[in-house]
Every structure is written in structure tokens, then in C-alpha cells.
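Report on the structure given below.
Below you can see the structure in the form of C-alpha cells.
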């Protein structure tokens, strides 16, 4: 029983920092790849007709392929983010969903 408790505690110690790291990565990816057009706080930029991302109704599962593959038939707004891995897309999607 003591071994089980020790293993559980170790698993939690590893899992929590990893989830925090993913959130930090999402913020960093957003800042470097998204904020210039969608705004620092996800509010969008009307001058260049970029919509807000804060408050999106898309789920993380919907956002990831949208960010990595784009939207069929769209040439500008649905353009995939170049160089964004699946992991980065997931991290930034989670960051966007947490925007307040």
C-alpha cells in the first residue's frame, strides 16, 4: 500500500508541472504566432478584419485541425499556421479556450 501511495504521489508531482508547462507553451505560441493579428487578449483586430478568438465556440478538438490544416476554401483567415505542430496547436487551443 505504501508503494502505491508513493507512486501516486510521484505521478501527481510529474503531471501537475507538465500541465502547467503546456499552458505556458500555449501562451508562448499564441504570443508568437497569433497575437499580432488576433490581439494580445484574443479580442481581434478590426483594422485588418481579424476576428476575436476569445470566446470561440469551437472546441479544442475542432481548433487543432483548423490551426494545422486550415479551412477548405479559405485563402486568408483559414490559412494554417506554418510550422505549428499538433502539440503546439493543442496547447494554443487550450490557451484560447481559457481566455477570459
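In the working numbering, the protein residues as written are -15 to 84.
All C-beta atoms, glycine included, are put in the ideal place defined by N, C-alpha and C.
- Counting only the Cα atoms, residue 31 lies some 25 Å from residue 53.
- Counting of Cβ neighbours within 10 angstroms places residue 74 among the buried residues, the total reaching 16 or more.
- With a contact defined as Cβ atoms closer than 8 Å, residue 15 and residue 21 miss out at about 12 Å.
- Going by DSSP, residue 52 is part of the alpha helix (DSSP H) stretching over 44 to 53.
- The C-alpha of residue 27 lies about 24 Å from the C-alpha of residue 69.
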